[in-house]
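Protein chains in written order, with the numbering used here: chain A, 1 to 291; chain B, 292 to 605. All C-beta atoms, glycine included, are put in the ideal place defined by N, C-alpha and C. None of these values were measured; they are calculated from a predicted model. The structure appears right after this line, and notes come after that.
Spelled out as C-alpha cells, the structure:
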C-alpha cells in the first residue's frame, strides 16, 4: 500500500483550519469561564443563536453572514450584559453560583435551543456565499475557502482579543479581576462592572463564531450541545484563562478530530473532544499554558 | 416514622395503585402515568448525588441510557425475562456510577459537572458505533405475546414495574437521608474539607452515593426499550432527561426525599398536559423556563418556600 502522504497532509491542513474555527468558538469560554469564573454552559446556545441571526439576515438582505455577525456583535454584547446582570444579582451576590448558577445556564441553553426549534423547526440550515463552494488547490492539498475565510477572521479576532486584553487598561482590569477582586476594589475599580463588560465581550465572540459555524456546516438548533464539550475541552486543555492556550488547545483538538474523521470515520469525532476533555480534567487540570 | 414503617407504607400504596390500574381502560393514561413515575425515579436518584452530596451530575441521560441499552443487549443475546433485565441494568449503571464516584477524587464543583456531561457524550458515541445493539439506526424490541400475572396488556406490566421502582427509589432515598450516611453526605455538601477533617469518610460516602444514584437512574431506563418498543441512541441519551432530572429536584427542593417527588409529579404532569394540549416542543420550553425561574426566584424550591412560610407564621 502506498503511504498516504496526501491524505495526511490534507488531514493536517483541515485540522489546522478547523482548529482556527474552534479557537473562535472557545475564546468566549476562556474569558467567561477561565477568567471570570462564570460557568457559562449556555455559550454554545449563543453560538447557534448567532448562526441563525446570520442566516436570517443573509436570506433577507443577501449580506455576507460573517459581515452581519460583526456588525451585529453589539447586540450580543448587550445580551451578555443583561445575562451577567441577572446572574450577578441572583447568584454571585448570594454566593450560590456553583450549583444554582450552573443550573441557570443549563436552563438558558435549553431555552435558546427549544425556542429556535419552535421558530425554525429542526431542519438543517445552510448559507451559500460566493466563496462557500470554491476550493483552492496547492499540489495535492485542498484549501476549501469555506474553512479558510472563517479561519482567517477567527485568528484575527483571537489575536486581536489577546492584544486588547494585554495592552489596554480595560483588558488589564479583566486580567486583574481574574486574579484578585479585592485588590481591584482597593484601586477604586468596580469588579462587577469589569466582569459585566468582559462577559458581554465573551457573548459577542459567540455571535461571531456562530456566523463562522453556519458558513462551515449546516446548522440545526440542537447541534449546540456537541460544542459544550469542545469549548470546555479547549479551555481546560490550553489552560484556564490563557488566550494563547486557547489557540493551542483549539489546534490540538482540530487536528485530533480531523485525524479521527479521516482514519476512523466522522461518527467517532465527538468522542475525541469529550474524551480529551475527560483526560485533560483527570490528569492535567491546570492545562498546557495554565497560569 | 421509622424507615421500615415507611417502606411498608410505600409498597402497600404501590400495590394498591397497581391493583387499581386493572380497571383503567385508557392506555394513554397508563403511559402518561408511566412517564411521570419514571421522572420520580430519575429525580429521586439524581438528588442522592446532586442534592444530598452537592455534586451536580449533567450525565443523567447516560445512566438512563445505559440501563436501556443493557435491556436491549440482554433481549438480543439471551431473551432474558423482565426482572433479570431490570436487575442487570441497575447493576451496570451502578458500576458506571462507581466510576463517576472516583471522578470526584480529582474534580470538584463545576469540573465534575462538565466531566459527567463529557462522559455522556463519549458513551453516546460508543453506542452510536456499536452495531450489535442497533447503532445509529436503533433497534426494535419485540414484546412477548402473553402478559404475566393475568394483566390485560403489556403496558400494565410496565406500569406496575415502574410503580414498584418509584416506591423502591423513594424508600432508598429516605433511608439514606435519615441515616448517618445522609448526615455525612450533607457534611460533604456543606464543606468537604471540614467533613474530612472531622473524620467523615468522604470518599467512601461519595462512592456510595454516586453508585446508588447511578444505579437507580439506570433502573428507570431498563424498561424504556419495552415501553417504546423501539430504541435509538438519541432517544435514550436525550438531553431532556438530564434537564428534567436536574429541574425537578431544584423545583421541589433538594434537601429531602420529598422535594424531587413533588417536583417530578408537578413538572411531569404539567409536561404531559402541555404535550397533549399544545405540543411536545413547548413542554420542553416550559421545563427550561421553570428551571430558570425557580433557580433565580425560589432557590430552595417548593419545600424551601413552604418552610419559610411556616417560619413566618410561627
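Along chain B, in chain order, which residues have C-beta atoms closer than 7 Å to that of residue i?
i	result
residue 268 of chain A	416 and 420
residue 232 of chain A	405
residue 263 of chain A	Those within 7 Å of residue 263 of chain A in chain B number zero; the least Cβ separation is about 14 Å.
residue 225 of chain A	530
residue 275 of chain A	413
residue 13 of chain A	Under the 7 Å cutoff, chain B gives no residues; its nearest Cβ is about 25 Å from residue 13 of chain A.
Please state whether the Cβ-Cβ distance between residue i and residue j is less than 8 Å.
i	j	result
residue 76 of chain A	residue 50 of chain A	yes
residue 534 of chain B	residue 106 of chain A	yes
residue 224 of chain A	residue 47 of chain A	yes
residue 23 of chain A	residue 233 of chain A	no
residue 408 of chain B	residue 463 of chain B	no
residue 153 of chain A	residue 131 of chain A	no
residue 478 of chain B	residue 486 of chain B	yes
residue 548 of chain B	residue 494 of chain B	no
residue 281 of chain A	residue 410 of chain B	no
residue 237 of chain B	residue 383 of chain B	Within the shown structure, residues of chain B are numbered from 292 to 605, placing residue 237 of chain B beyond reach of any answer.
residue 455 of chain B	residue 472 of chain B	no
residue 72 of chain A	residue 53 of chain A	yes
residue 431 of chain B	residue 520 of chain B	yes
residue 138 of chain A	residue 243 of chain A	no
Given that residue i touches chain A, what residues does it touch there, using C-beta distances under 8 Å?
i	result
residue 537 of chain B	103 and 106
residue 345 of chain B	99
residue 330 of chain B	Simply none; closest approach about 16 Å.
residue 541 of chain B	100 and 103
residue 493 of chain B	Under the 8 Å cutoff, chain A gives no residues; its nearest Cβ is about 17 Å from residue 493 of chain B.
Quick check: what's the CA-CA separation for residue i versus residue j?
i	j	result
residue 574 of chain B	residue 564 of chain B	9 Å
residue 6 of chain A	residue 142 of chain A	10 Å
residue 101 of chain A	residue 91 of chain A	6 Å
residue 240 of chain B	residue 299 of chain B	Outside the displayed range of chain B (292 to 605) lies residue 240 of chain B, so it cannot be described from this structure.
residue 517 of chain B	residue 385 of chain B	21 Å
residue 551 of chain B	residue 324 of chain B	16 Å
residue 167 of chain A	residue 194 of chain A	16 Å
residue 351 of chain B	residue 388 of chain B	10 Å
residue 1 of chain A	residue 335 of chain B	Reliability of the predicted coordinates at residue 1 of chain A is poor, the pLDDT of 45 falling under 50, and the value obtained from them is presented with this limitation in mind. One C-alpha to the other measures close to 57 Å.
residue 530 of chain B	residue 261 of chain A	25 Å
residue 220 of chain A	residue 277 of chain A	24 Å
residue 34 of chain A	residue 236 of chain A	8 Å
residue 596 of chain B	residue 542 of chain B	10 Å
residue 115 of chain A	residue 577 of chain B	10 Å
residue 67 of chain A	residue 376 of chain B	55 Å
residue 444 of chain B	residue 558 of chain B	27 Å
residue 178 of chain A	residue 286 of chain A	15 Å
residue 449 of chain B	residue 294 of chain B	27 Å
residue 370 of chain B	residue 85 of chain A	56 Å
residue 319 of chain B	residue 313 of chain B	14 Å
residue 147 of chain A	residue 216 of chain A	6 Å
residue 111 of chain A	residue 199 of chain A	20 Å
residue 544 of chain B	residue 593 of chain B	6 Å
residue 468 of chain B	residue 474 of chain B	7 Å
residue 586 of chain B	residue 227 of chain A	24 Å
residue 489 of chain B	residue 452 of chain B	42 Å
residue 440 of chain B	residue 255 of chain A	58 Å
Below 8 Å on the Cβ atoms is my contact criterion, and I expect residue i with residue j to pass it. Report the Cβ-Cβ distance as a whole number of Å.
i	j	result
residue 500 of chain B	residue 476 of chain B	6 Å
residue 510 of chain B	residue 381 of chain B	4 Å
residue 18 of chain A	residue 258 of chain A	6 Å
residue 129 of chain A	residue 64 of chain A	6 Å
residue 26 of chain A	residue 207 of chain A	Rounded, the Cβ-Cβ distance is 14 Å, inconsistent with contact.
residue 202 of chain A	residue 31 of chain A	4 Å
residue 291 of chain B	residue 103 of chain A	There is no way to answer for residue 291 of chain B, as the model of chain B reaches only from 292 to 605.
Run down chain A in chain order and give the residues with a C-beta less than 9 Å from the C-beta of residue i.
i	result
residue 519 of chain B	The contacting residues do not exist; residue 519 of chain B stays about 19 Å from chain A at best.
residue 428 of chain B	Those do not exist, as residue 428 of chain B stays about 12 Å from chain A at its closest Cβ, beyond 9 Å.
Chain B partners of residue i, CB-CB under 9 Å?
i	result
residue 118 of chain A	570, 572, 573 and 576
residue 213 of chain A	Within chain B, no residue comes near residue 213 of chain A; the closest Cβ sits about 18 Å away, beyond 9 Å.
residue 241 of chain A	The contacting residues do not exist; residue 241 of chain A stays about 14 Å from chain B at best.
Closer than 8 Å by beta-carbon distance: list the chain B residues that pair up with residue i, in chain order.
i	result
residue 271 of chain A	412, 413, 416 and 417
residue 115 of chain A	576
residue 278 of chain A	406, 409, 410 and 413
residue 86 of chain A	587
Is the shortest distance between the beta-carbon of residue i and the beta-carbons of chain D less than 8 Å?
i	result
residue 82 of chain A	Of the protein chains in this structure, namely A and B, none is chain D.
Note down, in chain order, every chain A residue with its Cβ under 7 Å from the Cβ of residue i.
i	result
residue 580 of chain B	111
Length-filtered (4 minimum) alpha helix (DSSP H) runs lying within the segment 78 to 145 of chain A: Entirely contained in the segment 78 to 145 of chain A, the alpha helix (DSSP H) runs reaching 4 residues are, in chain order, 102 to 120.
Give, in chain order, every unbroken run of the alpha helix (DSSP H) that is at least 4 residues long and sits entirely within the segment 509 to 574 of chain B. You should have 515 to 519, 524 to 527, 530 to 543 and 549 to 568.
Q: Please specify which runs of the beta strand (DSSP E), each continuous and at least 3 residues long, are wholly inside the segment 165 to 229 of chain A, giving them in chain order.
A: Runs of the beta strand (DSSP E) inside the segment 165 to 229 of chain A: none found.
Q. Whole alpha helix (DSSP H) runs in the segment 379 to 439 of chain B with 4 or more residues, listed along the chain?
A. Restricted to the segment 379 to 439 of chain B, the alpha helix (DSSP H) segments that are unbroken, complete and at least 4 residues in length are 400 to 419, listed in chain order.
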